[in-house]
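Q: Sequence order for the protein chains is L and E.
Just so you know, we're using the numbering used here here: the first sequence kicks off at 236 and counts up by one.
Just so you know, we're using the numbering used here here: the second sequence kicks off at 3 and counts up by one.
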Amino acid sequence: MPRLMLNSRWVDLPVAADTSLLDFLRQDRGLTAAKPACGSGDCSACLVLVGEIEAGHATPHYRALSSCLLTTGQVADCHVITAEGLNGERLTPVQQALVDQDGVQCGYCSPGLVVALTGALLNGQPLGDAAGGNLCRCTGYGGIRRAMATLHNHLPSGPFSLDQAADLGLLPPTVAQAGHALRAPYGELLHFPDREAVIAGDTDWSVQHPHRVGGQSLLQLHHLPGLRRIEAAADGLRLGAAVTIEEFQRHPAIAANWPDLPHFLSFFASPAVRASATLGGNLVNASPVADMAVILLALGAELTLAGPQGERRLPLADFYLGFHRTGLHKHELVTAIHLPHSHNGAWRLHAEKVARREHDDIASINSALLLGPGEAGHFGAVRLSAGGVGPVPMLLPKTAEFLVGKPITPATVRAASQLLGSEVAPHSGPRGSGAYKRRLLQHLLVGHLTALCPQLHFADCLP
Amino acid sequence: MTYSPLALLARGEARFTGDLPLPPGTLHAMVAVSPQAHARFSRIDHSAALAEPGVVAVLTAADIPGTNDIGNLFRGEPLLAVEEVHCVGEPYALVVADSADAAWRGARKLSADWQPLPAFFDVRAAYAADQLIQPPRTFALGDVDAAWADCTTIVSGRVELGSAEHVYMETQCALAIPRDDGGLKIHAATQSPSGVHKAVAAISGLPMHLVDVEVERLGGGFGGKEEQATPWACLAALAALRLRRPVRLQLDRPDDMRLTGKRHPYSADYRLGLDAQGNFLAYEAMLYQNAGCTADLSTAILERSLFHATNAYRLPNVRVTAASCRTNLPSNTAFRGFGAPQAMFVLEAAIRRAARQLGIAPENLQRQNLLRMGDAFPYGMTAADDRATASWDELSSHFDLAGRQQAVADFNANGSQLRKGLAVVPVCFGISFTATLLNQAEALLHVYADGSVSITTGAVDMGQGVQQRIRRVVALTLGVDEARVHVASTSTRSVANVSPTAASTGADLNGEAARQAALRVLAGLRPLAAELLACPPEAVVFADDAATQADGRRIAWPELIVAAYARRLPLSALAHYATPGLHFDPSANQGRPFAYHVMGAALVEATVDVLRGTGRIDRVAVVHDVGRCLDPALDRGQIEGAVVQGIGWMTCEEILHDAQGRLLTDTLASYKIPDLYDAPAIDIRLRQDAGAAGLLGSKAVGEPPLVYGLGAYFALRAAMTAWRPLPDEVQQTPLTAERIFTQLHDL
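1. From Gly361 (chain E) to Ile156 (chain E), what distance separates their C-alpha atoms?
2. Ends of the beta strand (DSSP E) at Tyr450 (chain E)?
3. Taking 8 Å as the cut-off, decide whether the C-beta atoms of Val648 (chain L) and Val681 (chain L) are in contact.
4. Say whether the region 320 to 339 of chain E touches the region 281 to 290 of chain E, bearing in mind that this needs 3 or more beta-carbon pairs closer than 8 Å, one atom from each stretch.
5. What does the Cβ neighbour count give for Arg1 (chain E), buried or exposed, with the cut at 16 atoms within 10 Å?
6. Mind checking which residues open and close the beta strand (DSSP E) that includes Arg380 (chain L)?
7. If you measure from the CB of Ala390 (chain E), is any heavy atom of the ligand FAD nearer than 7 Å?
8. Tyr343 (chain L) versus chain E: which residues are under 7 Å apart at the beta carbon?
9. Given this structure, state the Cα-to-Cα distance separating Asp145 (chain E) from Glu167 (chain E), to the nearest angstrom.
10. Please report whether the beta-carbon of Gln330 (chain L) lies at a distance below 8 Å from any beta-carbon of chain E.
11. Counting only Cβ pairs nearer than 8 Å, list the residues of chain L close to Tyr679 (chain E).
12. I'd like to know if Tyr376 (chain L) contacts chain E, where contact means its C-beta is closer than 8 Å to some C-beta of that chain.
13. From the beta carbon of Leu658 (chain E), is the nearest beta carbon of chain L less than 8 Å away?
14. Can you have a look at His223 (chain L) and say buried or exposed, based on whether 16 or more other CB atoms are within 10 angstroms of its CB?
15. Taking Val349 (chain L) as the query, report the chain E residues whose CB atoms sit under 9 Å from its CB, ordered along the chain.
16. What in chain E is Cβ-close to Gly308 (chain L), meaning under 7 Å?
17. Since Glu216 (chain E) is in the alpha helix (DSSP H), which residue starts that stretch and which ends it?
18. So Leu666 (chain E) contacts chain L; which residues on that side make the cut at Cβ distance below 8 Å?
19. Quick one: which unbroken alpha helix (DSSP H) runs of 4-plus residues sit fully inside the region 275 to 315 of chain E? Chain order, please.
20. Please report the residue range of the alpha helix (DSSP H) in which Lys672 (chain L) lies.
21. Spell out whether any CB of chain L is found under 8 Å from the CB atom of Ile1 (chain E).
22. Hey, Leu708 (chain E) and Ala661 (chain E) are a contact pair by Cβ (cut 8 Å); roughly how many whole angstroms apart?
23. Taking the alpha carbon of Ile480 (chain L) as the point to measure from, which residue in L:Pro237, L:Ala469, L:Ala468, L:Leu496 has its own alpha carbon closest?
24. Would you kindly work out how many angstroms separate the C-alpha atoms of Ile557 (chain E) and Asp483 (chain E), rounded to a whole number?
25. Quick check on Met629 (chain L): does DSSP put it in helix, strand or coil?
26. Compare the C-beta of Cys688 (chain L) against all C-beta atoms of chain E and say whether one is closer than 8 Å.
27. Taking only three categories from DSSP, how would you classify Met171 (chain E)?
28. Identify each residue in the region 32 to 47 of chain E for which the Cβ-Cβ distance to at least one residue of chain L is less than 7 Å, and report them in chain order.
29. Can you list, in chain order, the stretches of the beta strand (DSSP E) that have 3 or more residues and sit fully within the region 636 to 679 of chain E?
30. Taking only three categories from DSSP, how would you classify Thr744 (chain E)?
31. In terms of residues, what are the limits of the alpha helix (DSSP H) holding Val482 (chain L)?
32. Step through the CB atoms of chain L and report whether any lies within less than 8 Å of the CB of Gln279 (chain E).
33. Tell me whether Tyr673 (chain E) is buried or exposed, calling it buried when 16 or more other Cβ atoms sit within 10 Å of its Cβ.
34. Counting only Cβ-Cβ distances shorter than 7 Å, please list the residues of the region 716 to 743 of chain E near chain L, keeping chain order.
35. I'd like to know if the region 565 to 582 of chain L and the region 470 to 484 of chain L are in contact, where contact means that at least 3 CB-CB pairs between them fall below 8 Å.
36. Rank L:Leu248, L:Ser302, L:Pro328, L:Ala590 by C-alpha distance to the C-alpha of Leu403 (chain L) and give the top, closest one.
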């Protein structure tokens with residue numbers, strides 16, 4: 236029977252592998268600190284720490300993840316630490332800071348917040364970033380900010396091993412001890428099932444299957460170390476399809492090639508979702524406004540698709556066939572994404588996103604532009620992409636072509652922006668009217684070009 | 003080891019209603035709801051639902067043993083629809099199953115024959131068709147018709163105020179357990195235990211003494227669990243009665259958002275007249291309230307709009323009319339502020355239009371026209387003092403309003419794609435339930451043989467800290483350590499006929515009742531203490547966990563209690579409190595509806611990115627009136643939370659329906675509340691003064707600061723108009739990124 240290390244001991248998982256982890260904790264184990272509040276990974280009230288030994292490491296790495304999104308199959312053989320699992324006799328420093336600084340009002344979001352902050356301390360991450368996805372409707376975040384400041388000022392900075400964390404009182408020694416019992420995962424791709432049954436980061440499948448009957452067999456790509464590597468290749472980077480957004484964001488090769496990209500990715504979803512969602516999942520899900528797809532399109536990414544008939548390579552630009560439709564054959568999987576490198580920064584990327592809320596929101600539209608080296612005062616090669624303006628994330632080749640070789644002047648930008656307005660025909664929807672999205676995309680082009688070419692002033696470039 | 007309530011919450015060990023261990027055999031319930039905004043229906047088909055594995059029963063209105071009516075202010079609000087539905091999401095049947103998932107799946111398999119009827123969603127269209135919850139009401143002062151002749155400036159305009167979802171983090175939840183005597187024990191996540199009590203008894207046909215309602219704590223309420231927690235408790239009760247099994251009903255987030263009411267959207271027309279010196283002379287407004295499909299609390303909310311239409315301003319001639327209009331949306335309900343912020347927004351919009359017409363800063367007009375001592379409100383009260391101007395001036399001087407105005411102007415002169423703006427919003431908020439009968443409370447206090455104290459009141463803690471305030475008041479009154487006092491969960495067995503924890507009155511009413519109960523016990527202990535200390539009774543002081551007298555001799559509290567028990571003295575007391583001096587005549591709209599007014603002012607600063615049309619609130623500074631502050635941390639926390647909730651309502655929170663009245667923004671993915679990044683830094687100065695009428699001289703703090711959030715709208719608008727002049731005849735909230743962009747760029 237599959238099992239998981241739950242707080243300080245192994246427990247069996249006598250439930251279907253597609254059972255919600257949150258339901259398992261609350262209903263089967265009576266552990267009610269993780270709260271059901273949104274069911275879609277949008278509030279972080281149900282966070283738990285999930286520890287696993289990653290390839291090439293001897294000790295487990297812990298991520299704060301939304302248990303409402305996870306299936307029990309995803310955490311088999313992992314170490315799950317719930318909010319009550321952190322409790323000792325005394326309050327932990329995180330709990331104490333929240334209580335002392337009035338970061339707790341109704342308290343429904345507090346356990347999730349404690350988990351987020353504890354995870355950040357373990358990993359040596361900035362506390363504010365780690366708690367960015369924790370919604371609180373009572374405090375206005377004032378007390379939570381004061382608690383984070385207290386922790387920042389009074390605790391040594393991590394990362395900490397579990398034993399160090401136990402010494403600091405962040406979690407009980409028995410829970411730290413339990414982490415040592417984990418083994419490195421192993422697994423390889425043995426079969427290529429129907430696409431509907433494939434789970435990568437598990438951030439959308441559960442949302443699409445609420446109140447499910449259960450019992451579907453799922454292929455959990457997350458357990459395949461081969462899909463989680465980032466490697467340098469001759470022509471750029473090879474990213475395993477199950478690399479998470481956060482791993483991508485933090486990898487030194489990403490910042491080395493595109494210095495602004497890690498910051499831009501902080502607007503992508505919540506910390507808990509970034510820690511789980513994968514590059515491949517974001518692409519295969521084929522949302523017309525997927526942030527990562529738009530970036531990878533501009534970067535000129537290619538995909539490796541693997542199936543029973545072997546592997547093939549396909550430009551990402553050719554991957555999307557229509558609304559939520561891709562060129563994946565039945566039984567085929569995306570296994571890797573290939574990115575050309577930036578030629579020591581000669582190719583520069585700028586990304587834009589506008590949403591109702593700045594962080595952790597689905598964009599009204601998003602866009603990315605890659606600018607190659609050009610003659611002095613002139614645009615070099617351009618690749619422009621956008622999401623939310625058509626049925627799929629798309630390249631906008633007419634506008635991009637127009638810019639190539641043109642002088643870097645407001646007149647060029649205005650003309651390009653004019654052309655861009657005719658290159659897209661966005662529909663109206665809950666995230667904005669068609670007219671809004673079209674004009675906004677024209678403005679985001681101005682945003683790209685003024686950011687990449689500081690000699691341009693935005694007001695001169697407006698369409 | 004025991005933990006404080008806050009520590010329990012931080013440890014994740016505090017149990018909310020949905021965390022309670024379920025008795026063996028517990029079933030789960032979910033409603034089947036109307037897919038139509040307005041329709042007649044017949045022939046509910048149970049078969050597919052009953053075939054769903056796990057489904058145990060399907061119940062309809064015919065299964066209700068008592069009265070199928072849970073209306074509070076008005077009758078005629080059925081628990082389960084009969085023959086006709088009035089909004090998408092109105093429950094018409096209840097599916098009971100052995101798991102929550104099976105109940106949810108079963109509920110979606112129920113069907114009926116629907117014959118659609120015409121539906122209204124637009125409030126003005128509903129008004130024009132005479133779809134009114136009650137006849138329009140008017141509050142007036144002076145002679146507004148005559149005053150226009152004296153005005154040198156008259157502005158008029160229109161306001162469209164959006165709705166908002168409460169997003170209490172804990173969704174609606176109730177657990178009903180049948181008792182051996184045929185009665186029911188209800189655990190409900192409600193702000194109104196007695197509301198649930200009455201309604202469960204009514205639908206069950208049981209006398210109230212056979213129904214117990216207990217409320218441990220809420221994961222947020224904000225008004226959304228005042229009236230609208232009741233149906234879920236009643237539905238769980240119905241299933242428990244019918245099936246003789248415990249039944250839990252907890253909505254998931256999308257259902258909670260689709261099925262429950264929200265803040266009332268308002269549409270309004272206004273006219274404001276000023277004399278040549280800039281004094282407000284006349285104000286007229288027509289408010290159209292979108293009530294949704296039933297009365298719920300809409301008429302009370304409308305009344306509070308009328309009470310607050312002039313906010314903190316002196317307006318000698320006023321006429322404000324308000325109509326509660328019936329539409330085919332889920333019935334809108336209480337939400338922090340209870341209609342007052344909507345009315346206040348209208349006047350703030352009018353003031354800014356006048357300021358622009360006169361070419362002066364709005365802040366100058368606002369300051370000049372604030373209430374002074376003796377100025378009349380339209381409902382028969384007068385301003386008791388000059389706190390409106392005093393708090394404004396403290397805000398202005400302490401947070402350097404002139405310097406901030408200059409800094410904004412300097413920033414805007416630099417020509418970047420960012421523009422800044424600021425706004426000041428004052429508040430004058432009346433405290434008391436405007437329904438005078440609700441201004442009463444009951445408290446039950448026990449002192450146990452070991453000296454520990456238990457207090458039960460009707461106050462439900464939903465994060466606002468009312469139990470901590472009550473604990474402090476009881477400890478201060480008895481003179482014992484706070485650690486000796488435990489605030490028990492509200493139970494209708496301990497306290498009866500309690501008012502909802504609402505209208506910011508929870509601490510004032512229940513804290514005072516608790517204090518009276520403590521005083522009653524002390525009155526019995528005093529002669530004994532005097533005897534033991536050999537002093538006159540009036541010389542005994544209860545403090546520092548003891549009874550003491552002037553020469554320092556003392557008897558420790560536990561010893562005193564042991565002695566009192568041995569003497570057979572009463573160690574328990576039940577006290578009742580009714581706020582004195584309140585009266586209001588709704589036929590004349592005159593009286594003394596409020597115990598006191600809370601005043602304050604806030605400065606809000608915002609930045610707009612002109613290129614992208616995005617906005618952010620940079621900073622908020624608040625001067626707020628708290629009377630004699632009982633707990634600065636609680637007061638500050640309430641202000642911070644209310645301000646951010648108000649900012650969300652004004653900016654990123656938008657409720658959207660499709661043309662059939664179906665909610666589009668039904669998840670936290672599509673409905674965005676402010677997050678950690680959105681929340682601005684908030685500087686707060688608590689203005690303390692003596693002599694307030696609230697609990698031990700303190701003042702209610704739950705709702706008034708939400709009004710400061712209105713400043714987010716006006717600060718963003720100020721930043722936008724710093725880019726270029728914009729039309730201001732119509733103001734529409736929320737000011738989303740799309741609205742900012744389309745207004746800035748003429749789309």
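Ideal placement from N, C-alpha and C gives every residue a C-beta, glycine not left out.
A: Quick answer:
1. 14 Å
2. It is not in any beta strand (DSSP E) - Tyr450 (chain E) carries neither H nor E in the DSSP assignment.
3. yes
4. yes
5. Chain E is shown from 3 up to 749; residue 1 (chain E) falls before or after that span and cannot be answered.
6. Segment 377 to 389 is the alpha helix (DSSP H) holding Arg380 (chain L); no beta strand (DSSP E) there.
7. With respect to small molecules bound, the structure shown includes none, and the ligand FAD cannot be examined in it.
8. Phe18, Met171, Glu172, Gly221, Gly222
9. 39 Å
10. yes
11. Gly367, Glu593, His594
12. yes
13. yes
14. The first residue shown for chain L is 236 and the last is 698, placing residue 223 (chain L) beyond what the model contains.
15. Ala12, Arg13, Gly14
16. What Gly308 (chain L) touches in chain E: nothing, since even the nearest Cβ is about 17 Å away.
17. Per DSSP, Glu216 (chain E) belongs to no alpha helix (DSSP H); it is in the beta strand (DSSP E), 213 to 217.
18. Pro665
19. 300 to 309
20. 669 to 687
21. The structure shown has nothing for residue 1 (chain E), since chain E only spans 3 to 749.
22. Contact flag wrong, Cβ pair sits at about 31 Å.
23. L:Leu496
24. 14 Å
25. strand
26. no
27. coil
28. none
29. none
30. helix
31. It should be noted that the sequence gives Glu, not Val, for residue 482 (chain L). Unbroken alpha helix (DSSP H) run through Glu482 (chain L): 480 to 485.
32. no
33. buried
34. Thr738, Ala739, Glu740, Phe743
35. yes
36. L:Pro328
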